[in-house]
Amino acid sequence: MNTGDVIKIYPYEGKITNEAGATISTFSLKPETILDEVRAGGRIPLLIGRSLTDKTRHALGLEASTLFTRPTMPSDTGKGYTLAQKMVGKACGLPGVRPGTSCDPIMTTVGSQDTTGPMTRDELKELACLGFSADLVMQSFCHTAAYPKPVDIQTHHQLPDFFSTRGGVALRPGDGIIHSWLNRMLLPDTVGTGGDSHTRFPLGISFPAGSGLVAFAAALGVMPLDMPESVLVRFTGELQPGVTLRDIVNAIPYVAIQAGKLTVEKQNKKNVFNGRIMEMEGLPDLKLEQAFELTDATAERSCAGCTIKLSTETVAEYLRSNVALLKNMAARGYSDAKTILRRVAKMEQWLANPVLMEADKDAEYADIITVNLNEIKEPIVAAPNDPDNIKLMSECAGDKIDEVFIGSCMTNIGHYRAAAKILEGAGVAKAKLWICPPTRMDEKQLRDEGMYGIFAASGARTEMPGCSLCMGNQARVEDRATVFSTSTRNFNNRMGKDARVYLGSAELAAVCALLGRIPTVEEYLAIVTEKINPFAGDLYRYLNFNEIAGFEDEGRVIPLEDLPKIEDILGIPSGVLS
Ligand code: SF4
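Note that this note's numbering has the sequence shown beginning at 98, numbered continuously upward.
Below, the structure written as structure tokens:
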């Protein structure tokens, strides 16, 4: 086809012809209901209209209307289901769902962040939503809290009430990053969504969506989904000395590139993960905070969703901690207390009988990628400026680093302790160093442990918990700076104008800050061997709130007796839960 050619597009016939009437291309519409969506003025009006029509005709004893295009279901292969297919199946009242199935899973947990929150609010108003049907809807303020514009301040004032009066849970500016909080509210083997592309639950499964669908999911408690295919990522072997989980995050595209299943070039790009669910197994004993590093980064692989197989013990440990955190939120006066305590009760119900779903042995995957940890012997980074531009650290050694950012939802408290250990007693860092913990709880704990003193001595600039440099809409790095960052993505101009950004671990970030350049493998391993390995057990501890004395009552403004009673919330007699 050439510029200036006159063509005709036949959407119903699925063909494109030239002026002479010859067919020059054919296509099929996906989803097959798209023409109905166009006629209805969008997917949501169609869903509402079709469901109302169906219910009305059913109540009148009439056959289902033939006016709508009904999604055709894929044929059943008779094989087992993957973990994702089982989780979505459970949310649909089925044993599993096959890829290609159009379904409406129950959305147990829904997240909204502050840059899309106002749009979600407007969509909720259009849906005349006065109360959420989703079990827990949470609103965060992490993208705009640190350096708010006047319009953000307005959002900070208005959005909490809008959400909490509908039964949602509103965080507060300065609390921290949406995912670091929402993950702590999840229930195992349930489905959710969020208006942020990094809504990638490490527990259950999530399908990130635009503000319209998020509003729909919050209001109606279900979300339309065309079930994607799954790709299995299987980890084998052992983590090698000096190699961190963040390096394993980068090892996934590294292995896929070597297998010819992922290319870096934009033109004719190959990406085995694109639009699919990444299902990970082989690291069952990861803590949830660590597991989220792996699931969070599936956004960079353009996955539709992800699952990770974890042990029951790990999940139970996380939920016990989260029960304490949520009880503390209620004590501190976060709204809506009923929703918070209902989630506590459901966590306690799961803890009383902890069982997790598992993929069937004969489950079918569109592809299988095996990452042998024994073969990853040095850090792996995403080089400027593409998260898929994966390189071994040794290929980048010596590149000058101007600024270092340790922050974003990819980090947890262990990373900050490890970075502090590397920086401790080493004087002022050669590169400009930014430190931004993910939540206010991480910040407090790090202060209590004296880590902020170490950061100050190294000349670091510390930021309010939140997205900070990762989002790039707040503070920015210098124009044309070369940056080493622990954040999620390094697209052009995201962190600073014409900045070159490497992505990698907090441990490597701290070494880069000290040296002002990317180290050699020998330099890096020498520092890690001396400063990290002997203290690893102490550094990589996670926030178990249930083990912090007096935590549930910290900052209490609501007397215990004034909080809603679990029995009243769940509508069951007293004593049944104990
Ligand atoms: S830290 Fe970055 S990736 Fe994570 S939610 Fe914030 S802006 Fe998004």
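For each residue, glycine too, the CB sits at the ideal point set by N, CA and C. Values in this document were obtained by computation on a predicted structure and should not be read as measured data.
Q. For residue 689, which of helix, strand or coil comes out of DSSP?
A. Nothing can be reported for residue 689, as the shown portion of the chain is limited to 98 through 675.
Checklist entry - Given a threshold of 16 other Cβ atoms within 10 Å of its Cβ, counted over all protein chains shown, does residue 657 qualify as buried or as exposed? => result Stepping through the sequence shown from its first residue, residue 657 is reached at position 560. When all chains shown are included, residue 657 counts as exposed.
- Is the CB-CB distance between residue 204 and residue 377 below 7 Å? Here residue 204 is taken as the residue at index 107 of the sequence shown, counted from 1. Here residue 377 is taken as the residue at index 280 of the sequence shown, counted from 1. Cβ distance not < 7 Å, so residue 204 and residue 377 don't count as in contact.
Supposed contact pair residue 602 and residue 343 - C-beta distance, whole angstroms, cut 8 Å
Residue numbering aside, residue 343 sits at position 246 when the sequence shown is read from its first letter. Residue numbering aside, residue 602 sits at position 505 when the sequence shown is read from its first letter. Indeed, because the Cβ distance is near 4 Å, the residues count as touching under 8 Å.
| request: Please confirm if the segment 525-532 is in contact with the segment 550-559, defined as three or more CB-CB distances below 8 Å between the two stretches. | output: The segment 525-532 is in contact with the segment 550-559.
Fill in: Of the residues 299, 144, 616, the one placed nearest residue 386, counting alpha carbons only
Taking the first residue of the sequence shown as position 1, residue 386 is located at position 289. Considering only alpha carbons, the answer is 299.
Tell me the rounded alpha-carbon separation between residue 114 and residue 371. Locating residue 114 in the sequence shown gives position 17, where the first residue counts as 1. Locating residue 371 in the sequence shown gives position 274, where the first residue counts as 1. For residue 114 and residue 371, the distance between alpha carbons rounds to 30 Å.
N-terminal and C-terminal residue of the alpha helix (DSSP H) that residue 507 is part of
Locating residue 507 in the sequence shown gives position 410, counting from the first residue. Unbroken run through residue 507: none, as it is neither H nor E.
Margin query: Does the distance between the C-beta of residue 510 and the nearest non-hydrogen atom of the ligand SF4 fall short of 6 Å?
Written below: Here residue 510 is taken as the residue at index 413 of the sequence shown, counted from 1. Incorrect: residue 510 has no Cβ contact closer than 6 Å to the ligand SF4.
Check: residue 263 by DSSP, collapsed to three states: which one?
Finding: Position 166 of the sequence shown, counted from the first residue, corresponds to residue 263. Coil, per DSSP.
Q) Since residue 466 contacts residue 340 with CB under 8 Å, what's their CB separation in whole angstroms? A) The count along the sequence shown starts at 1 and reaches residue 466 at position 369. The count along the sequence shown starts at 1 and reaches residue 340 at position 243. That pair is no contact at about 18 Å.
- Distance between residue 609 and residue 552 (C-alpha atoms, nearest Å): Against the sequence shown, residue 552 aligns to sequence position 455. Against the sequence shown, residue 609 aligns to sequence position 512. A direct Cα-Cα distance of roughly 15 Å separates residue 552 from residue 609.
Check: Is there contact between the segment 312-319 and the segment 345-354, where contact requires at least three CB pairs shorter than 8 Å?
Finding: no
Next on the checklist: For residue 109 and residue 170, what's the separation of their Cα atoms in angstroms?
Outcome noted: In the sequence shown, the residue the question calls residue 109 occupies position 12. In the sequence shown, the residue the question calls residue 170 occupies position 73. Roughly 20 Å separates the two Cα atoms.
Check your understanding: Given a threshold of 16 other Cβ atoms within 10 Å of its Cβ, counted over all protein chains shown, does residue 487 qualify as buried or as exposed?
Key -> Residue numbering aside, residue 487 sits at position 390 when the sequence shown is read from its first letter. Buried: at least 16 other Cβ atoms inside 10 Å.
Problem - Rounded separation between residue 217 and residue 140 - CA only - result: What you label residue 217 is simply residue 120 of the sequence shown in a count that begins at 1. What you label residue 140 is simply residue 43 of the sequence shown in a count that begins at 1. Spanning the two alpha carbons is a distance of roughly 16 Å.
Check: If you run the structure through DSSP and keep just helix, strand and coil, what is residue 637?
Finding: Reading the sequence shown from its first residue, position 540 is the one you call residue 637. Per DSSP, reduced to three states, the secondary structure at residue 637 is coil, with no helix or strand assignment.
DSSP three-state call for residue 184: helix, strand or coil? In the sequence shown, the residue the question calls residue 184 occupies position 87. Helix.
Checklist entry - Taking the C-alpha atoms as reference points, what is the distance between residue 629 and residue 496? => result Numbered from 1 along the sequence shown, position 532 holds the residue referred to as residue 629. Numbered from 1 along the sequence shown, position 399 holds the residue referred to as residue 496. Looking at the two C-alpha atoms, the distance is approximately 23 Å.
Whole runs of the beta strand (DSSP E) within the segment 366-392, excluding any shorter than 3 residues | 374-378
| Those residues which DSSP pairs with residue 603 across a bridge | On the sequence shown, residue 603 is found 506 positions in, with the first residue counted as 1. Note: residue 603 sits in no beta bridge, so no partner.
* Do the CB positions of residue 470 and residue 538 come within less than 7 Å of each other? -> Locating residue 470 in the sequence shown gives position 373, counting from the first residue. Locating residue 538 in the sequence shown gives position 441, counting from the first residue. Taking 7 Å as the Cβ cut-off, residue 470 and residue 538 do not qualify as a contacting pair.
Assess, as a yes-or-no matter, whether the segment 266-273 is touched by the segment 302-310 under the definition of 3 or more beta carbon pairs within less than 8 Å.
no
Rounded C-alpha distance that separates residue 233 from residue 265 | Here residue 233 refers to the residue found at position 136 of the sequence shown. Here residue 265 refers to the residue found at position 168 of the sequence shown. Roughly 6 Å separates the two Cα atoms.
Less than 8 Å between C-beta atoms, sequence neighbours within five positions excluded: which residues of the same chain meet that for residue 154? Counting from 1 along the sequence shown, the entry for residue 154 is found at position 57. These residues qualify, in order along the chain: 160, 161, 162.
Note to self: Assuming the contact rule is C-beta atoms closer than 8 Å, residue 202 and residue 189 should be a hit. Round their C-beta distance to whole Å, please.
What the structure shows: Position 105 of the sequence shown, counting from 1, holds the residue named residue 202. Position 92 of the sequence shown, counting from 1, holds the residue named residue 189. Right, their Cβ atoms sit about 5 Å apart.
**Request:** Would you be able to state if there are at least three C-beta pairs under 8 Å between the segment 566-574 and the segment 450-457?
**Result:** Per the Cβ contact rule, the segment 450-457 is not in contact with the segment 566-574 (fewer than 3 Cβ pairs under 8 Å).
### Message
Does the distance between the C-beta of residue 506 and the nearest non-hydrogen atom of the ligand SF4 fall short of 6 Å?
### Response
Position 409 of the sequence shown, counting from 1, holds the residue named residue 506. Indeed, a heavy atom of the ligand SF4 lies less than 6 Å from the Cβ.
Worksheet entry | residue 582 to residue 627 span [Cα, whole Å] | By one-based count along the sequence shown, residue 582 stands at place 485. By one-based count along the sequence shown, residue 627 stands at place 530. Cα-Cα distance, rounded: 23 Å.
> Which whole-angstrom value describes the C-beta separation of residue 143 and residue 134, a residue pair presumed to lie in contact below a C-beta threshold of 8 Å?
Replying inline: As a working note, residue 143 is residue 46 in the sequence shown. As a working note, residue 134 is residue 37 in the sequence shown. Correct: roughly 5 Å between the Cβ atoms.
Around the C-beta of residue 516, are 16 or more other C-beta atoms found within 10 angstroms, so that it is buried, or is it exposed?
Taking the sequence shown and counting its residues from 1, the one referred to as residue 516 is at position 419. It counts as buried.
ask   = CB of residue 254 to nearest heavy atom of the ligand SF4: below 6 Å?
value = The residue you call residue 254 lines up with position 157 of the sequence shown. No.
beta-carbon residue 203 near the ligand SF4 non-hydrogen atom, thresh 6 Å
Stepping through the sequence shown from its first residue, residue 203 is reached at position 106. With a threshold of 6 Å, the Cβ atom of residue 203 does not count as near the ligand SF4, since no heavy atom of the ligand is closer than that.
Task: Distance CB(residue 112)-CB(residue 100) smaller than 7 Å - done: Taking the first residue of the sequence shown as 1, we reach residue 112 at position 15. Taking the first residue of the sequence shown as 1, we reach residue 100 at position 3. No; because the gap between Cβ atoms is not below 7 Å, this pair is not in contact.
| said: Counting beta carbon pairs with one atom in the segment 246-255 and one in the segment 496-510, are three or more of them shorter than 8 Å? | reply: Verdict: no, contact absent.
Going by C-alpha distance, which of 651, 260, 589 is nearest residue 230? To locate residue 230, count along the sequence shown from 1; it is residue 133. Comparing Cα positions, the closest option is 260.
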